[in-house]
Amino acid sequence: MLHGIQRRCADIFITHAHPDHDWNAAEFKRIFNARIWLGKEDLTLIRNFGDQPQHPTHDKYVNRVKWITFWTKTPFFKSKQYVPDILVDVNSTEVARRYGYDVEIVHLPGHTKGSYGILKDGVLYAGDAYTVLNGIPMEPPHAYSVEEMRDSIRKITELSPDYLACGHGVPFSWLY
Numbered sequence: 009m010l011h012g013i014q015r016r017c018a019d020i021f022i023t024h025a026h027p028d029h030d031w032n033a034a035e036f037k038r039i040f041n042a043r044i045w046l047g048k049e050d051l052t053l054i055r056n057f058g059d060q061p062q063h064p065t066h067d068k069y070v071n072r073v074k075w076i077t078f079w080t081k082t083p084f085f086k087s088k089q090y091v092p093d094i095l096v097d098v099n100s101t102e103v104a105r106r107y108g109y110d111v112e113i114v115h116l117p118g119h120t121k122g123s124y125g126i127l128k129d130g131v132l133y134a135g136d137a138y139t140v141l142n143g144i145p146m147e148p149p150h151a152y153s154v155e156e157m158r159d160s161i162r163k164i165t166e167l168s169p170d171y172l173a174c175g176h177g178v179p180f181s182w183l184y
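Here it is, written out as structure tokens:
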């Protein structure tokens, strides 16, 4: 399907290494010869969801976390193996600028250790640091560290983006 696309993709920024976010990274890299950017703290998480066990953020999500943990142990819920070209860390904003991107890279740990977002023109692309479920903006249902996740949500509040684009759900005004 991607072979007919005429656009160029130079870089793939993976907000975190969960399979629902990095599933096709290897294929995009192969087709477009694109660089993959991934948080260095998530390097061991590629194809190894259990490396950072997830915990429910609320009691109502206990069964959901059990279900996700079960499925990620199967071969059906694993991305293809890939090797990141750029390991993102807290100093990566300068690296991005050297590649011509006028963005701020923001570390948003909690959902995973290596969760990162990109702030550009008032929009924060936050991955799963925050989410929208059933049309309602909220904390993600699970996190590696609930405490770090809530600290990241406070960081998002301090950044005060005009809009938040999450890994799940539609973008919304952070100032709602």
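Just remember that our numbering sits 8 ahead of the position in the sequence shown, which is counted from 1. Every residue, glycine too, gets a C-beta built ideally from N, C-alpha and C. Note that this is a predicted model, so its numbers are computed, not measured.
Enumerate in chain order the residues of its own chain whose CB-to-CB distance from residue i is below 8 Å, with the five nearest sequence positions on each side excluded.
{"i": "residue 139", "result": "145, 146, 147, 148, 149, 174, 175, 176, 177"}
Just the C-alpha distance for residue i and residue j, rounded to the nearest angstrom, thanks.
{"i": "residue 130", "j": "residue 170", "result": "5 Å"}
{"i": "residue 57", "j": "residue 81", "result": "8 Å"}
{"i": "residue 155", "j": "residue 162", "result": "11 Å"}
{"i": "residue 72", "j": "residue 153", "result": "16 Å"}
{"i": "residue 25", "j": "residue 61", "result": "13 Å"}
{"i": "residue 117", "j": "residue 164", "result": "11 Å"}
{"i": "residue 151", "j": "residue 17", "result": "30 Å"}
{"i": "residue 122", "j": "residue 143", "result": "26 Å"}
{"i": "residue 119", "j": "residue 35", "result": "25 Å"}
{"i": "residue 158", "j": "residue 103", "result": "27 Å"}
To which residues of the same chain is residue i closer than 7 Å at the C-beta, ignoring the five residues directly before and after it?
{"i": "residue 98", "result": "115"}
{"i": "residue 95", "result": "46, 48, 51"}
{"i": "residue 69", "result": "149, 150"}
Could you give the residue range of the beta strand (DSSP E) that holds residue i?
{"i": "residue 144", "result": "144–146"}
{"i": "residue 176", "result": "It is not in any beta strand (DSSP E) - residue 176 carries neither H nor E in the DSSP assignment."}
{"i": "residue 81", "result": "Element bounds for residue 81: n/a, residue is neither H nor E."}
Which stretch, first to last residue, makes up the alpha helix (DSSP H) that contains residue i?
{"i": "residue 33", "result": "33–40"}
{"i": "residue 20", "result": "First-last for residue 20: 19–22, but that is the beta strand (DSSP E), not the alpha helix (DSSP H)."}
{"i": "residue 29", "result": "27–30"}
So, are the CB atoms of residue i and residue j less than 8 Å apart?
{"i": "residue 33", "j": "residue 90", "result": "yes"}
{"i": "residue 27", "j": "residue 78", "result": "no"}
{"i": "residue 54", "j": "residue 93", "result": "no"}
{"i": "residue 182", "j": "residue 160", "result": "no"}
Please go through the same chain and pick out, in chain order, the residues whose beta-carbon is closer than 6 Å to the beta-carbon of residue i, but skip the five residues on each side of it.
{"i": "residue 111", "result": "104, 126, 128"}
Original post:
Using 8 Å as the Cβ pair cut-off and three pairs as the minimum, do the region 118–136 and the region 32–41 touch?
Top reply: At 8 Å Cβ cutoff, the stretches do not touch.
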